[in-house]
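Numbering (the numbering used here), first residue to last: 80 to 349.
C-beta: ideal position from N, C-alpha, C; glycine also.
Working notes, beginning with the structure itself.
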């Protein structure tokens, strides 16, 4: 056993590949336009004014407003491998060793990103923790339509809209004839071919469920900005074990860029 031939880029690449194929955050959020050190930068484009034509034209200067977020969330992973060199040489064994770390990282980051529903714009909510909506198979579809309507009233673009539900809400939807009876859920939570009021349905168990009160989050992709990096992946011989150790640091951040492009339903299930 040794770690002499350890190549960090191979393990980082496989970790990220396993992460990306299962991550809800990668689907529903906006990626940064630039990463500088421990900051990620998002650009918001300013509005263009439409004017009456009277024979002359005045030009608007379209500005972009940078939004900076600090990579202030830090999580590490550390696991043992019988022989790093053999696993790396075998190729497919790298996936076997990184898959669990990627899955745990995905759950942690998805939960953090989906918790940002609390920054929703006033008026873009249906129900609350004090007075939740009671959902059943007869009304759940219609209430999700209403979430999409709230986005439309704020002139949120129809493309790249999502609605995030958990498995129980998906079960209720499956009993409505307007939805498919046997939905196919992809690894990243996307329910294949299923849209409600222009919103792609996504399933995640990381969406908030507090004391039996469920959150359903509708959003446009521009609503939340999210960035991440995998740093300092390294291997070492363990002193107290006949094995090698691999460890790494994941840093990430997320924030609401457009609160008007979020809508939240708080509910219980009948």
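Residue 298 and residue 233 have their C-alpha atoms some 11 Å from each other. Contact between the region 299 to 318 and the region 99 to 118 is present: 3 or more CB-CB pairs across the two stretches fall below 8 Å. When the alpha-carbon of residue 260 is set against those of 252, 120, 200, the nearest one is in 252.
In this structure, DSSP gives residue 87 a helical state, which the three-state scheme calls helix. Ranked by Cα distance from residue 182, the first of 334, 295, 96, 207 is 96.
By the Cβ test, the region 178 to 196 is in contact with the region 151 to 160, since at least three Cβ pairs between them sit closer than 8 Å.
If you compare the alpha carbons of 114, 103, 314 with that of residue 245, the shortest gap goes to 103.
Here DSSP, grouped into helix, strand and coil, assigns residue 341 to strand. Within the same chain, and ignoring the five residues on either side of residue 289 in sequence, the residues whose Cβ sits closer than 8 Å to its Cβ are 208. By alpha-carbon distance to residue 345, the top candidate from 145, 100, 219, 163 is 219. DSSP lists 115, 149 as the beta-bridge partner residues of residue 118.
Counting only residues of its own chain and dropping the five nearest sequence neighbours on each side, residue 228 has a CB closer than 8 Å to the CB of 276. Per DSSP, the continuous beta strand (DSSP E) segment holding residue 294 begins and ends at 292 to 299.
The three-state reading of DSSP puts residue 227 in helix, counting H, G and I together. Nearest neighbour of residue 88 by Cα position, chosen from 272, 161, 312, turns out to be 312. For residue 284, the secondary structure class from DSSP, reduced to helix, strand or coil, is coil. Look at residue 136 here: in three-state DSSP terms it is coil, with no helix or strand label. Within a 10 Å sphere around the beta-carbon of residue 294 sit 16 or more other beta-carbons, which makes this residue buried. Fully enclosed alpha helix (DSSP H) runs of no fewer than 4 residues occupy 219 to 232, 246 to 252 of the region 204 to 255, in order along the chain. Excluding sequence positions up to five before and after residue 224, its CB lies within less than 8 Å of the CB of 275, 276, all in the same chain and listed in chain order.
Assignment of residue 317 by DSSP, reduced to helix, strand and coil, places it in the coil class.
As DSSP reads the structure, residue 156 sits in a beta bridge with 327. The bridge partners DSSP lists for residue 274 are 279. With a cutoff of 7 Å on beta-carbon distance, residue 262 and residue 273 are scored as near each other. With the rule of 3 Cβ pairs closer than 8 Å, the region 134 to 141 does not count as touching the region 111 to 123. For residue 322, no alpha helix (DSSP H) encloses it, and the DSSP letter there is neither H nor E.
DSSP, read as helix, strand or coil, puts residue 185 in helix.
Leaving aside the five residues that flank residue 308 on each side, the residues in its chain whose CB is nearer than 6 Å to its CB run, in chain order, 330.
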